[in-house]
Structures are given as C-alpha cells and as structure tokens.
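Undergrad:
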Amino acid sequence: MPILIRNIVLAPGEGDEVLRVRLAERFGVPDRDIRSVRLVRKSIDARRKGRVIVVCTVECRVADEAAFLARHGQDPDVKVLVKEIQPPLPRLTPRGRIVIVGMGPAGLFAALRLVEYGLAPTILERGRPVEERTRDVQAFWSLGELDTESNVQFGEGGAGTFSDGKLTTRVNDQRIGYVLEKLVAFGAPQEILYQAKPHVGTDQLRRVVAGIRQGLLAAGCDIRFRSQMTDIVSREGRVGAVVVNGTEELAVEELILAPGHSARDTYEMLASRGVHLLAKPFAMGVRVEHPQELINGIQYGRGHHPALPPSDYALAYNNRKTGRSAYSFCMCPGGVVVAGSSEEGGVVTNGMSAHLRNSPFANSALVVTVGPDDFGSALPLAGVEFQRRWERRAFEAGGGGYRAPAQNLLSFLGMKGGKGVSSSYRPGVAEADLTMALPAAVTETLREGLRDFDRKMRGFVTAEATLTGVETRTSAPVRIVRGEDCQSVSLPGLYPTGEGAGYAGGIMSAALDGIRVADIIAGKIAAETRSA
Ligand code: FAD
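In my numbering, the protein residues as written are 14 to 545.
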C-alpha cells in the first residue's frame, strides 16, 4: 500500500537521494525499512527571501505499513494512496472518415486519444514537419524572410513548438497526468511528472512532436503536411466534406477543427459558410525583458543559492475605476523574445526558452485585456482586424524587415535614466516610442501596472529592462461557438477545439480540450455501434 507524504523539505542544491534521509529522520524509520521513495511533486518556496526551500511530496513504501500508519496516520502530511485503475478503452470501428485539422496540442492529443480507441484519423496540417519548419523559422529570425505557411504559428506541433513549453494550467482536470505521461512516453523529460511548474523547453518539445508523429503513423493515421483545409462542405445539414488546398475534396464523417488562434483565413472561410462565430476578448501589450540575474535577486534574495533554477514571476494589477487589468503572461525564465509573425507586414512578439533555461534574460508578456468595445465593432472578426491593425503599426514603428519597436522601460514610463534598448528579439529591434504601436488604454494601464509591479517586486522598474512590441497573439480573438456536446451550434459534425476555437488557452488546456472532443466522438460511435 503506497503512502503519500507531503512537506518533505530539501535545501537548494540537495539531490533527490536526500529524501530518504529526511523521511528516516522525520518518522524515525531506519533507512533499511524504507523500501521505495518516488518523488511526485517538487516546488520552490521563495516566500522568505534568502531562505528559499524546496518542498517535496513523495510516494513511499515502508516495511511495516500497518505499524507506520498506526504511529503516523494522524499526521496531516501522511495519506494512504488509493490508486484508481482505469479500464482499457473499448476498440471501435468508425462509420466514416474522422478528419483532424491542425497538429498543435489540441489536434495531436485528439489524435493520440482516438488511436487508443482504434480510430485512426486523417490529419491535415497546413505547415511543414517540425524539422523543415525549424529551418523556416530560423531563416525568418536571422534574415527576416517570413514564410506565411511555415512559421512560429503554423506547422507541425502548433504554436507552442517554439515556446518555453510551460505545462501549467488553471484548468483542474484528472487527465493532466495522462497528458504528462504521454509527453514523457514520446521523449519529454521525466521531471515534468513531479515538478509543480513543469516545462519542456523548445529543444525537447521539437523532439517530442516528431516522436508523436511517428507514434500516430505507426497507429495507422494518415498525416498530410502542406494540406490546408480551405473550405468546408455541408450535406444534409451536417459536415459532409472538406476541401484541401482548394483542389481535393475529402468526405468526412466527423471533423475536429483545431486551427489555433492565428488561422485568420480559416476563420474567414468559416464565417462565409455561416458557421456561428463570436468576437471574444483577448489580451495585448508588450514583452518585457530583464537580466535573469536581476529577477533571481528580487525573487530569491541577494546571494541566493546558485543551484536554484532561474526564477519566474506572476504579476497582476487591476484598475477598479476603468475595469482594466494589466498582468504578466507566458513568463519565460532564461529565455529569449521571439518574432511570432504569420502574416506579411505585421510584427508579433512572444517568448521561448530551451529546456535548461540558460539564456541570461528573463522575459514575459505584459498585457491588458481588450474586447469588442475596443474593436469598434461587434462583428465576429472585428478582433482579428484589431490585432492586424496593431501588428502593422508595430511593423511600421520598427522600420520594416520585421524589426520590432523597442523602448527602455524607464522611457516608456516617462522617467529619466533609460539606457537605450537591449533585446534578444531577432531579426532585431529599432528604438521607438511604443505608444505608437499600442491603443491608448493599453498604454495607460501598462504604465499603471508597471508602477504597481515595482511595488510588488522592488527593482522591476529599471533602466536594465527593455519593452518590445507588440504582443497580440495571446489567445483567440474569436470563438467558434459550440454546444455541450462540443459540436458547432450551426454545423453538426464539426467539433471546434483548442485555442483557436476559443475553448482553451495554452498547451495543456488545448491538449485536454482535444482529448475531450475525441472522447465525445468515441462515445458517439460506441452508442451508434450498440444501437446498430
Ligand atoms: P495551435 O498550437 O495553434 O495549432 C494549430 C495548428 O493548426 C497549427 O499547426 C496550424 O498550422 C494548423 N492550421 C491552422 N489552420 C489550418 C487549416 N485551415 N488547415 C490545416 N491546418 C491548419 N502555451 C503554454 O501553455 N506554455 C508556453 O510556454 C507557451 N509558450 C508559447 C510561446 C509561443 C512563441 C507561442 C506562439 C505560443 C505559446 N503558448 C504557450 C501558447 C500555446 O502554444 C497555444 O495555446 C497552443 O499551441 C494552442 O494549441 P492548439 O492546438 O489549439 O493550436
């Protein structure tokens, strides 16, 4: 019977092997009686600066469990672990072709789940396999040559492939463990299974994505790259077929649509076909970049232990009068600011890091929510047009060539002492007045927010920080409206999912949403099989 024990404390730099020693000390059990110790959660507690600790939860087996529980069963940190055994999924036979559009986390996890039911889908991805895509993205970052079909937003792995690969989510879902285990099975580091804030890193993520492709091919999936769904055909009031690259028509029984938030042409096509869409709020702003050491000093205290990982932060400010909030988003410790454009003539910032998070910079988006009142229209695609307008302004402010406008943080606040700009963004930045690339309400709220953040993290406002803009692709500006059964309310057989559908935000929640849709389709096929 495994026993779960919380709040085992390590000092920074102490290895996991010390956990046995701590257990033995705390519970007075001889080391030889501890049969096994498995780390299930590890987090850093930096609330007391200068006295940072590592807090662990372990699953252990001891020689005499009954005696151990008799002595320690009342300890609030001790709990007997009852593991639920999941029954295997039923094997199903599809009535017709299941098509998935998009190979981001939502599409990939929908596919992985479907193959467990024996339902091998056809997968359409407009971009290229991750190896080719990586070369296209590198060319964009070094030369400013954008490929509008193979970039940071489009291609195998989806938008998060060139990211920090953070797997945290506010969604509370039992299947989070399932997603993490799948990622590990395809090559992600084991530690994501126990870290409180797991992250994979772009270098590892690319390998994982290629591994998932191999797994799906081996399971019989038909994967088609450079295959954009350009139209949707309805028959007898439901989805009947999709058109690929404007030429080939593919009959479809169930269509999982996981296009991400940047497939603007796909949104336009859906709108023209009468699929019910709604404009939705999203957040926009800038990337802030500090020296990582400066952030470590603020978060951990001066002279912190060198074994501590590069620190992150999460900041939020709310102006009750205006109802606007400014907050940090997608923080990348030890990362770089990246160019995330997918459309010609627009500059878009984002952030990524390698698994080791070993760049000397810390960056994060600082954003403010904008909605239909700001878009100037309640039309479904008004938010898309709004994003585009500010991305173009940023392109102009950067002087072209996808250089991004950048400004010293002090100058942005109208303070003296700014030391010019220093940014990891490639293909480069041009010093500019960032207010030219931001709506006035966003500028104002960011300025208020920054002053507030400096009260919460003394030293955040510094001449050493640079702001780069514009950050617009935080979440979808559109919702493809679906019902309780996850089908489009206007077109049965169409299952919008993931971030682009407006039902998820981030890698983990998009993956979970893809699984949810796959389970619903499998449930429907199982019910049809029973009644046939
Ligand atoms: P996407 O990942 O966007 O995938 C959609 C796919 O559909 C794309 O591959 C696209 O090419 C394809 N597609 C679009 N239209 C069509 C069509 N018509 N036909 C065929 N294919 C089509 N989230 C985190 O949780 N942690 C992070 O650290 C993180 N960092 C990020 C860093 C960057 C640089 C970016 C851009 C995003 C980051 N995100 C992060 C957000 C995260 O990547 C997204 O939330 C997530 O990828 C959404 O998954 P998705 O499957 O819904 O869509």
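In this text, a Cβ means the ideal position worked out from N, Cα and C, and glycines have one as well.
Is V50 closer than 8 Å to C73 when the C-beta atoms are compared?
TA: Counting from 1 along the sequence shown, the entry for residue 73 is found at position 60. Counting from 1 along the sequence shown, the entry for residue 50 is found at position 37. Yes, they are a contact pair.
Undergrad: Sort out for me which residues DSSP pairs A417 with in a bridge.
TA: As a working note, residue 417 is residue 404 in the sequence shown. In DSSP, A417 forms a bridge with V442.
Undergrad: Classify N371 as helix, strand or coil using the three-state DSSP reduction.
TA: Indexing the sequence shown from 1 puts residue 371 at position 358. Three-state DSSP puts N371 in coil, outside helix and strand.
Undergrad: Short check: CB of E357 to CB of T161, under 8 Å?
TA: The residue given as residue 357 occupies position 344 in the sequence shown. The residue given as residue 161 occupies position 148 in the sequence shown. Yes, the Cβ-Cβ distance between E357 and T161 is below 8 Å.
Undergrad: Count the other CB atoms, across all protein chains shown, that sit within 10 Å of the CB of G336; report buried if there are 16 or more and exposed otherwise.
TA: On the sequence shown, residue 336 is found 323 positions in, with the first residue counted as 1. Under this definition G336 is an exposed residue.
Undergrad: Give a single yes or no on whether A179 has its beta carbon closer than 7 Å to a heavy atom of the ligand FAD.
TA: Numbered from 1 along the sequence shown, position 166 holds the residue referred to as residue 179. With the sequence shown as reference, residue 179 is identified as Lys, and Ala is not the correct amino acid for it. Yes; taking the cut-off as 7 Å, the Cβ of K179 has a heavy atom of the ligand FAD nearer than that.
Undergrad: Going by CA-CA distance only, name the one from L463, L423 and S437 that's closest to D446.
TA: Here residue 446 corresponds to residue number 433 of the sequence shown, with the count starting at 1. Comparing Cα positions, the closest option is L423.
Undergrad: Expressed to the nearest angstrom, what Euclidean distance is found between the alpha-carbon atoms of N185 and M428?
TA: As a working note, residue 185 is residue 172 in the sequence shown. As a working note, residue 428 is residue 415 in the sequence shown. Computed Cα separation, rounded: 42 Å.
Undergrad: Across the segment 158–178 and the segment 210–224, are there enough close Cβ pairs to call them in contact, namely three or more that are closer than 8 Å?
TA: Flag = yes, the segment 158–178 and the segment 210–224 touch.
Undergrad: Taking the Cβ atom as the reference point for each residue, do P304 and P346 lie within a distance shorter than 8 Å?
TA: By 1-based counting over the sequence shown, the position of residue 304 is 291. By 1-based counting over the sequence shown, the position of residue 346 is 333. Taking 8 Å as the Cβ cut-off, P304 and P346 do not qualify as a contacting pair.
Undergrad: I533 and A514: beta carbons closer than 8 Å?
TA: Locating residue 533 in the sequence shown gives position 520, where the first residue counts as 1. Locating residue 514 in the sequence shown gives position 501, where the first residue counts as 1. Taking 8 Å as the Cβ cut-off, I533 and A514 do not qualify as a contacting pair.
Undergrad: How close, in whole Å, do the beta carbons of R35 and D44 come, if the pair is a contact with beta carbons under 8 Å?
TA: Stepping through the sequence shown from its first residue, residue 35 is reached at position 22. Stepping through the sequence shown from its first residue, residue 44 is reached at position 31. Not really, about 11 Å apart at Cβ, beyond 8 Å.
Undergrad: Would you mind reading off the limits of the beta strand (DSSP E) that contains H303?
TA: In the sequence shown, residue 303 corresponds to position 290, counting from 1. Segment F295 to P304, the beta strand (DSSP E) holding H303.
Undergrad: Is it right to say V95 is buried, meaning 16 or more other beta carbons lie within 10 angstroms of its own, or is it exposed?
TA: The sequence position of residue 95 within the sequence shown is 82, counting from 1. Its Cβ having fewer than 16 others within 10 Å, V95 is exposed.
Undergrad: Answer yes or no: do E129 and R146 have a C-beta to C-beta separation smaller than 8 Å?
TA: Counting from one through the sequence shown, the residue named residue 129 turns up at place 116. Counting from one through the sequence shown, the residue named residue 146 turns up at place 133. No.
Undergrad: Bridge partners for I533 per DSSP, in chain order?
TA: One-based indexing of the sequence shown puts residue 533 at position 520. Answer is none; I533 lacks a bridge partner.
Undergrad: Can you name the start and end residues of the alpha helix (DSSP H) that G197 belongs to?
TA: On the sequence shown, residue 197 is found 184 positions in, with the first residue counted as 1. For clarity, residue 197 is Val in the given sequence; the question names Gly instead. Note, V197: alpha helix (DSSP H), I189 to A198.
Undergrad: Should Y340 and S324 be called a contact, given that it needs their Cβ atoms to be closer than 8 Å?
TA: Taking the sequence shown and counting its residues from 1, the one referred to as residue 340 is at position 327. Taking the sequence shown and counting its residues from 1, the one referred to as residue 324 is at position 311. Contact flag unset, no.
Undergrad: For I47, I'd like the list of residues in its chain whose CB is within less than 7 Å of its CB, leaving aside the five on either flank, ordered along the chain.
TA: Stepping through the sequence shown from its first residue, residue 47 is reached at position 34. Here the set comprises R33, L36, A37, C73 and V75.
Undergrad: Give me the residue from F238, A232 and L263 with the minimum Cα distance to V246.
TA: Start at 1 with the first residue of the sequence shown, and residue 246 comes out as number 233. Out of F238, A232 and L263, L263 has the C-alpha closest to the C-alpha of V246.
Undergrad: Could you spell out the range, first to last residue, of the alpha helix (DSSP H) harbouring L230?
TA: Translated into the one-based positions of the sequence shown, residue 230 becomes position 217. Counting along the chain, the alpha helix (DSSP H) containing L230 begins and ends at T215 to A231.
Undergrad: Could you tell me whether the Cβ atoms of A378 and T487 are closer together than 8 Å?
TA: As a working note, residue 378 is residue 365 in the sequence shown. As a working note, residue 487 is residue 474 in the sequence shown. In contact: A378 and T487 (Cβ atoms closer than 8 Å).
Undergrad: Suppose only complete runs of 3+ residues qualify. What are the beta strand (DSSP E) ranges in the segment 238–284, listed by chain order?
TA: Listed in chain order, they are 242–248, 251–257, 261–264 and 267–270.
Undergrad: Measuring CB to CB, does G353 end up less than 8 Å from T362?
TA: Locating residue 353 in the sequence shown gives position 340, counting from the first residue. Locating residue 362 in the sequence shown gives position 349, counting from the first residue. Closer than 8 Å, so yes.
Undergrad: Cβ of R486 versus every heavy atom of the ligand FAD: is any distance shorter than 7 Å?
TA: Counting from one through the sequence shown, the residue named residue 486 turns up at place 473. At least one heavy atom of the ligand FAD is nearer than 7 Å to the Cβ of R486, so yes.
Undergrad: Kindly indicate the opening and closing residues of the beta strand (DSSP E) around L137.
TA: Position 124 of the sequence shown, counted from the first residue, corresponds to residue 137. Segment T135 to L137, the beta strand (DSSP E) holding L137.
Undergrad: Who pairs with D46 in a beta bridge, going by DSSP?
TA: By one-based count along the sequence shown, residue 46 stands at place 33. Bridge partners of D46: none, in fact.
Undergrad: Count the other CB atoms within 10 Å of the CB of G518; is the residue buried (16 or more) or exposed (fewer)?
TA: Here the question's residue 518 lines up with position 505 in the sequence shown. Per the 10 Å Cβ criterion, buried.
Undergrad: I want to know whether the segment 385–399 touches the segment 429–448 - three or more CB-CB distances under 8 Å.
TA: The segment 385–399 is not in contact with the segment 429–448.
Undergrad: Can the beta-carbon of V299 be found less than 8 Å from the beta-carbon of V112?
TA: Walking along the sequence shown from the start, residue 299 turns up at place 286. Walking along the sequence shown from the start, residue 112 turns up at place 99. For V299 and V112, no; Cβs fall outside 8 Å.
Undergrad: Kindly provide the ranges of any beta strand (DSSP E) runs that are 3 or more residues long and lie completely inside the segment 58–145, ordered along the chain.
TA: The qualifying runs are 66–75, 91–93, 111–114 and 135–137.
Undergrad: Roughly how many whole angstroms lie between the Cα atoms of V397 and A329?
TA: Taking the first residue of the sequence shown as position 1, residue 397 is located at position 384. Taking the first residue of the sequence shown as position 1, residue 329 is located at position 316. Answer to the nearest angstrom: the Cα atoms are 25 Å apart.
Undergrad: With 16 other CB atoms within 10 Å as the buried threshold, where does Q99 fall?
TA: Here residue 99 corresponds to residue number 86 of the sequence shown, with the count starting at 1. With fewer than 16 other Cβ atoms within 10 Å, it is exposed.
Undergrad: What do you reckon, are the CB atoms on L4 and D77 nearer than 8 Å?
TA: Lying before the first or after the last residue shown, residue 4 is absent from the chain, which here runs from 14 to 545.
Undergrad: CA-CA distance, I18 and G431?
TA: As a working mapping, residue 18 is identified with position 5 in the sequence shown. As a working mapping, residue 431 is identified with position 418 in the sequence shown. Going from the Cα of I18 to the Cα of G431 covers about 50 Å.
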